[in-house]
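Take a look at the structure set out below.
Residue numbers (the working numbering): 135 to 245.
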């Protein structure tokens, strides 16, 4: 799942010693992973995670947002632009898109 996230998200490994905050277990990151698991058809996902994924999608649609990430500041919801297309996150221009339809579907909204 994490291989579909196009950013180098801060993890707990090494950040505690540096006095920094990790981002991989923040609520927006958890919502993104729940959404992707749902889109990939993961049958082991909990009902709570399914609800979280639905709420995440509803928020992005209703408020016309995408999830963005900055390694220093963490995750943020940003207004959707034309360049964001139907992605649930702001895909970095220098990162290749997922190479399979299944993985691409995991990071996009259906029209």
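Cβ atoms here follow ideal geometry from the backbone N, Cα and C, with glycine treated the same way. Keep in mind that this is a model prediction, so the values were computed, not measured.
Alpha carbon to alpha carbon, how far is residue j from residue i? Give it in angstroms, no decimals.
i	j	result
residue 240	residue 173	5 Å
residue 169	residue 178	13 Å
residue 220	residue 244	7 Å
residue 139	residue 187	15 Å
residue 236	residue 171	11 Å
Along the chain, where does the alpha helix (DSSP H) that runs through residue i open and close?
i	result
residue 238	235–240
residue 164	161–173
Identify the continuous beta strand (DSSP E) that holds residue i and give its terminal residues.
i	result
residue 213	208–213
residue 199	199–204
With distances taken Cα to Cα, identify the nearest neighbour of residue i among the options.
i	options	result
residue 200	226, 175, 181	226
Looking only at its own chain, which residues have a Cβ that is under 8 Å from the Cβ of residue i, when we skip the five neighbours before and after it?
i	result
residue 184	168, 172
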